[in-house]
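Visitor:
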Amino acid sequence: TVRAFVAEAWTVEFYTGYLNRTASGASRGAIVTGLAYGTSTCMMFLAYAAGFYYGGYLIEEQGVGFQAMLQSLMAVMLGSIGVGNALAFVPDLDDAKVAAHDVLEILDTESKINAVRPTGSVEKMGDGSIEFKSVYFQYPTRPDVAILKGLSFRVESGQQVALVGPSGGGKST
């Protein structure tokens with residue numbers, strides 16, 4: 001259609017404008033994200049440096065063993081990383097509470113049917129056959145085009161049926 005109306009240049013210009021606006025917004029977000037990641041990584045390495053510096057002091061002046069110092073440092077650092085990772089989900093906490101409430105409300109709803117007690121009427125199962133009688137159908141967006149016009153047929157239990165017809169003839173419908 002674009003080519004038929006000789007609108008290639010206009011279409012490229014139109015969508016390029018949208019892409020440029022999206023790209024500039026994404027670039028600003030990427031810069032902020034990159035700065036935040038770089039700062040947090042820098043802080044982590046500074047914490048390691050301070051920990052090793054203080055650990056060296058404890059080994060030299062207080063007689064703390066290297067293994068004990070290293071275990072303490074790793075426990076503090078890995079614990080801090082775990083807390084930091086957990087805090088990343090704090091903004092989603094309210095949404096999680098709402099979702100959990102909705103799920104628990106559904107689970108607490110008492111069913112109208114007691115599946116454990118075999119009372120009530122038992123519906124008779126059919127014989128496995130299916131029948132379509134005078135089925136009419138058109139899509140709501142195109143009510144003037146009838147897709148199925150009085151379709152009627154019966155398929156017996158165990159019978160194999162193939163729906164064959166031209167493209168757009170209503171097979172999928």
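Using UniProt numbering, the first residue of the sequence shown is number 1, and each one after it goes up by one.
Backbone N, C-alpha and C fix where the C-beta goes; we use that ideal spot for every residue, glycine too.
1) Determine whether the beta carbon atoms of Ala146 and Gln159 lie at a separation below 7 Å.
2) Between which two residues does the beta strand (DSSP E) harbouring Val155 extend?
3) Per DSSP, which one or two residues make a beta bridge with Tyr136?
4) Can you list, in chain order, the residues of its chain whose CB lies under 8 Å from that of Glu8, leaving out five sequence neighbours each side?
5) Within 10 angstroms of the Cβ of Met43, are there 16 or more other Cβ atoms? Answer buried if so, exposed if not.
6) Am I right that Lys171 and Ser152 are in contact with their C-beta atoms under 8 Å? What's the rounded C-beta distance?
7) Mind checking Met74: buried by the 16 CB within 10 Å criterion, or exposed?
8) Could you name the residues that DSSP lists as bridge partners for Glu131?
9) Roughly how many whole angstroms lie between the Cα atoms of Gly63 and Ala86?
10) At 3 residues or longer, what runs of the beta strand (DSSP E) sit wholly inside the UniProt domain "ABC transmembrane type-1" (1–95)?
11) What is the rounded straight-line gap between the Cα of Val83 and the Cα of Thr141?
12) Would the beta-carbon of Ser129 fall within 7 Å of that of Glu156?
13) For Met125, count neighbouring Cβ atoms within 10 angstroms of its own Cβ and tell me buried if that reaches 16, exposed if not.
14) Rounded to whole angstroms, what is the Cα-Cα separation between Tyr54 and Leu78?
15) Could you check the C-alpha separation between Val135 and Lys149 for me, to the nearest Å?
Guide: Judging by the given coordinates:
1) In the sequence shown, residue 146 corresponds to position 146, counting from 1. In the sequence shown, residue 159 corresponds to position 159, counting from 1. No, the Cβ-Cβ distance between Ala146 and Gln159 is not below 7 Å.
2) Numbered from its first residue, the sequence shown carries residue 155 at position 155. It spans Leu148 to Val155 - the beta strand (DSSP E) in which Val155 sits, taken as one unbroken run.
3) Residue numbering aside, residue 136 sits at position 136 when the sequence shown is read from its first letter. Per DSSP, Lys149.
4) Taking the first residue of the sequence shown as position 1, residue 8 is located at position 8. The residues are Val2.
5) Taking the sequence shown and counting its residues from 1, one reaches residue 43 at position 43. By the neighbour-count rule (16 or more Cβ atoms within 10 Å), Met43 is not buried but exposed.
6) What you label residue 171 is simply residue 171 of the sequence shown in a count that begins at 1. What you label residue 152 is simply residue 152 of the sequence shown in a count that begins at 1. Lys171 to Ser152, Cβ: 16 Å. No contact.
7) By 1-based counting over the sequence shown, the position of residue 74 is 74. The residue in question, Met74, is exposed, as its Cβ has fewer than 16 Cβ neighbours within 10 Å.
8) Along the sequence shown, one-based indexing puts residue 131 at 131. Partner(s): Arg154.
9) Residue numbering aside, residue 63 sits at position 63 when the sequence shown is read from its first letter. Residue numbering aside, residue 86 sits at position 86 when the sequence shown is read from its first letter. Approximately 35 Å between the Cα atoms of the pair.
10) Those beta strand (DSSP E) runs which fall completely within the UniProt domain "ABC transmembrane type-1" (1–95) and span 3+ residues do not exist here.
11) Taking the sequence shown and counting its residues from 1, the one referred to as residue 83 is at position 83. Taking the sequence shown and counting its residues from 1, the one referred to as residue 141 is at position 141. Looking at the two C-alpha atoms, the distance is approximately 53 Å.
12) Within the sequence shown, numbered from 1, the residue matching residue 129 stands at position 129. Within the sequence shown, numbered from 1, the residue matching residue 156 stands at position 156. A contact, by the Cβ cut-off of 7 Å.
13) Against the sequence shown, residue 125 aligns to sequence position 125. Label assigned to Met125: exposed.
14) Looking up residue 54 in the sequence shown gives position 54. Looking up residue 78 in the sequence shown gives position 78. Roughly 17 Å separates the two Cα atoms.
15) Residue mapping note: residue 135 aligns to position 135 of the sequence shown, counting from 1. Residue mapping note: residue 149 aligns to position 149 of the sequence shown, counting from 1. Looking at the two C-alpha atoms, the distance is approximately 7 Å.
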